[in-house]
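Data first, discussion second: the structure below is written as structure tokens.
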Amino acid sequence: MSNLTKYTGSRLDLVIAIDIGTTFSGVSYTILRPGEVPEIASVMEFSNQSCQQAKIPTVLCYNSNGKLLGIGPQTSDEALEDAGEDVEWKRLKYIKMHFRPSDTNIDLEMDDLPPDMSAEDVMADLMNYLYKETIKYIEEHHADGKSIVNQVRDRIQFVFSHPNGWAGMPQQRYRRCAVLAGMLKNGEEARRRIRFVSEGEASALSCLASKFAPSPLPPNYKFIVLDAGGGTLDVSGYRVVRSFPLELEEIAIPDSRFAGSIFVNEKAREVIEECLLDSKFDDGETINGILQEFDNKTKQSFDSVSRKYSVKIPGVRETNKSLNIVNGCLKLPGERIEGCFRFSIENAIESVSSMKDQVAGSSGGMPIWLVGGFGASPWLFKQLKDQLGPKGAKVVADGAIRFYLHKNVTTRLCTSSYGVQRRFGLYIGPTFSCIAKKNQKLSTFGEINACDYLQEVTTVHDADISCSLYAYEGERPALLWFNENRDEFRNVCEITADLREQCTPESRVVVNGVGTWILRFSVELTLGSTEIEARIKWEHKGETKYSEAKVVYV
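Residue numbering for the sequence shown is 1 to 554, as defined by full-length UniProt numbering.
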């Protein structure tokens with residue numbers, strides 16, 4: 001993907017892309033210098049890291065009073081011992097899962113949050129750490145690093161990646177966390193300086209920038225990306241609209257399933273506990289140690305059901321054949337390990353197959369790229385290759401930078417039928433007025449979907465307006481009648497705006513003896529972006545005016 005164009009801005013800028021994963025997190029960045037081609041770099045050093053790596057474990061450690069003791073590589077036993085921490089402490093994993101959409105349920109044992117702390121507080125600690133480590137890395141690894149940071153600190157642009165389908169409330173919560181982390185001053189600044197990209201889209205852009213895509217990239221080339229991460233499997237499909245400059249369009253609604261590698265671990269825990277039930281090894285610390293060995297080694301090497309695998313029991317050398325323990329290793333048959341993978345593999349195959357079925361005219365040869373940390377599993381690779389034929393490797397944070405720089409995806413599909421309530425007269429309604437249908441192609445370059453309103457207010461304070469955006473999620477075409485089918489509608493968000501600018505003395509009229517302003521305006525929505533955006537449009541003395549509107553998720 002050769003989008004190597006010079007930065008046309010007039011001043012120095014910095015973009016930081018933060019990929020907070022369920023199990024691992026990483027950061028990429030680009031320094032935008034006027035007249036130069038941007039280069040994407042990864043943060044390769046973090047405090048207490050034993051060797052250079054572009055990712056850290058998404059693990060935080062707190063003491064019993066909620067004091068933060070360490071993050072990522074700082075949470076290893078050795079790091080905590082070196083820090084002299086002799087108090088009771090607890091590791092916290094899977095914080096990202098606390099930010100999943102509220103209507104999703106997962107079969108996953110979650111760690112308790114520290115006392116008197118919310119999920120936002122914990123995520124803010126993680127964001128603060130990643131941000132400070134990134135600034136430190138830039139200052140130390142660029143000759144003019146400190147000068148760069150001093151010049152751009154108050155205007156750094158951030159890009160956060162998140163699983164497919166996590167638009168809305170999760171994005172609002174991420175912005176709140178960034179403010180708590182001290183990365184931005186307030187919510188308004190967070191709205192202006194934070195952008196979001198789905199992990200599926202970021203992975204697709206990384207793939208196209210690497211060895212996976214044919215060169216030159218032909219128009220109408222279609223491909224599917226399966227981003228197999230720690231928490232989710234994200235599947236996205238695209239078609240090349242134009243080769244240069246590269247333009248992509250979605251060919252199916254992206255899918256996301258809670259079936260990532262942590263669910264393999266949860267099944268493995270059940271197997272290990274069953275094998276060691278009522279033995280002297282049946283305690284939480286030992287089970288956790290064995291599971292860590294399984295996660296670090298066995299899960300990553302498992303590739304056959306026809307042999308046994310040795311999982312080290314930390315600190316143990318003995319043999320106990322009744323427990324299938326030999327020289328301090330628990331022997332697990334390949335069939336048992338295969339069962340740990342089954343849920344994730346079935347979901348991956350089902351999701352990709354469903355997407356292929358949605359793509360009209362697709363052939364069995366459509367490439368499917370397997371990416372993500374879990375994508376490195378040889379067993380997952382083998383099972384998918386047998387049925388789907390993928391190959392791959394990835395860096396999501398790099399793709400998030402490419403998303404910011406190039407805006408390659410020019411068309412997305414509407415994930416639901418969106419609309420607003422309408423009422424006609426006193427007796428008819430409310431009805432559902434559809435403004436964008438499910439699977440409708442939406443341009444990412446500011447395509448407007450508008451709703452017209454007329455509202456009477458008697459005081460200036462009443463000019464703070466609010467309207468609800470709904471999504472129809474039934475199986476039938478978008479319905480007209482709202483109340484009769486309320487269970488099939490979801491309140492997506494509230495659009496709020498201050499229209500007091502329209503309440504001028506000359507526009508005030510008297511209706512039935514009461515001073516009134518009749519506000520005529522349109523709510524203009526941009527639904528083709530990675531998040532819903534809104535503004536207000538109205539006419540004043542023949543001139544079209546616009547004002548800001550806020551999108552609030554409740």
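Even for Gly, the Cβ is constructed at its ideal location relative to N, Cα and C.
Nothing here was measured: the structure is a model prediction, and the numbers come from that model.
Taking a C-beta distance under 8 angstroms as the contact criterion, L233 and R269 do not qualify as a contact pair. For the set L226, P73 and V37, the Cα lying nearest the Cα of Q49 is the one of P73.
Per DSSP, reduced to three states, the secondary structure at I536 is strand. Scanning its chain for C-beta atoms nearer than 8 angstroms, with the 5 sequence neighbours on each side dropped, one finds around Y129 the residues I71 and G72, in chain order.
In the displayed model, H162 falls within a strand according to three-state DSSP. Leaving aside the five residues that flank N63 on each side, the residues in its chain whose CB is nearer than 7 angstroms to its CB run, in chain order, L69, V87, E88 and W89. Put simply, of C414, I253 and R192 the residue whose alpha carbon is nearest the alpha carbon of A549 is R192.
For L208, the closest alpha carbon among the candidates V371, L454, L469 and V510 is that of V371. Residue pairing by DSSP places V264 opposite no residue, since no beta bridge is assigned to it.
In the assembly as shown, R100 is a buried residue. Its beta-carbon has 16 or more other beta-carbons within 10 Å. Bounds of the alpha helix (DSSP H) holding I349 are G334 to Q358. The continuous stretches of alpha helix (DSSP H) do not include K312, which lies in the beta strand (DSSP E) extending over residues K308 to K312.
For the set T496, A450 and L454, the Cα lying nearest the Cα of S468 is the one of T496. Annotation for Y129: no beta strand (DSSP E) segment contains it, though the alpha helix (DSSP H) segment containing it runs A119 to H141.
Between the alpha carbons of S76 and K96 lies a gap of roughly 20 angstroms.
Rounded to whole angstroms, the separation of the alpha carbons of N105 and L323 is 35 angstroms.
Contact between the stretch 279 to 296 and the stretch 342 to 352 is absent: fewer than 3 CB-CB pairs across the two stretches fall below 8 angstroms. For the pair of segments examined, the stretch 485 to 496 was found not to touch the stretch 408 to 415: the number of CB pairs separated by less than 8 angstroms stays below three.
Fewer than three pairs of CB atoms, one per stretch, sit closer than 8 angstroms, so the stretch 299 to 310 makes no contact with the stretch 273 to 281.
Residue ranges of uninterrupted beta strand (DSSP E) with 3 or more members, entirely inside the stretch 206 to 245 and ordered along the chain, are 222 to 228 and 233 to 242. For D386, the enclosing alpha helix (DSSP H) begins and ends at P378 to Q387. Close CB contacts of F24 within its chain, under the 8 angstroms cut and outside five residues either way in sequence, are with K55, I56, P57, T58, G230 and G373 (chain order). For K146, the enclosing alpha helix (DSSP H) stretches over residues G145 to V152. For Y174, the uninterrupted alpha helix (DSSP H) segment begins and ends at M169 to L180.
By the beta-carbon neighbour count (other beta carbons within 10 angstroms, threshold 16), P38 is buried. By the neighbour-count criterion, in which 16 or more other beta carbons inside 10 Å mark a residue as buried, A436 falls on the buried side. Contact check for K312 against G328 passes: the beta carbons are separated by less than 8 angstroms. For E140 and I148, the gap between their C-alpha atoms comes out near 11 angstroms. Within the DSSP bridge table, the entry for T411 names E249 and S443 as partners. Per the DSSP secondary-structure output, P57 pairs in a beta bridge with F24. T286: not part of any beta strand (DSSP E); member of the alpha helix (DSSP H) spanning G284 to E293, first to last residue.
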